[in-house]
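Q: In my numbering, the protein residues as written are 2 to 111.
Cβ coordinates follow ideal geometry from the N, Cα and C atoms, glycine included.
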């Protein structure tokens with residue numbers, strides 16, 4: 002058996018008293034708060050932030066769905082592997098277009 006351990010390189014330079022201790026309660030609270038905090042983007046910061054949050058959601062949806070999206074596309078739309086690959090490539094191209102056009106749009110609309 003092989004065991005892997007990820008080591009924070011800062012731990013080599015810190016003193017033993019400065020090292021952070023893993024806090025499971027803090028991590029659990031952060032995981033519970035994360036979806037609620039993302040909802041604040043939709044309702045607390047105005048129309049422009051709401052639009053940006055929705056664009057981010059649409060742009061990152063294919064990355065987060067994985068196998069479920071593949072099965073859905075095959076069963077519901079009858080996609081073959083080539084069709085699904087083309088769809089994912091389209092999302093990639095649209096992501097590049099969004100990223101390139103975002104800066105001029107922000108400069109223009111503020």
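Would you please state the rounded distance, in angstroms, between the beta carbons of residue 99 and residue 52? I believe it to be under 8 angstroms.
A: Actually they are not in contact, since the Cβ atoms of residue 99 and residue 52 sit about 12 angstroms apart, beyond 8 angstroms.
Q: Using only alpha-carbon positions, find the residue among 59, 29, 25 and 48 that is nearest to residue 110.
A: Among 59, 29, 25 and 48, the Cα nearest to that of residue 110 is on 48.
Q: Rounding to the nearest angstrom, what Cα-Cα distance links residue 72 and residue 33 in this structure?
A: Near 29 angstroms, if we compare the C-alpha coordinates of residue 33 and residue 72.
Q: State the DSSP-derived secondary structure class of residue 39, mapped to helix, strand or coil.
A: Looking at residue 39 - three-state DSSP - the assignment turns out to be helix.
Q: Could you round the C-beta distance between residue 86 and residue 60 to whole angstroms and report it? I think they count as a contact, below 8 angstroms.
A: With a Cβ gap of about 19 angstroms, residue 86 and residue 60 do not count as contacting.
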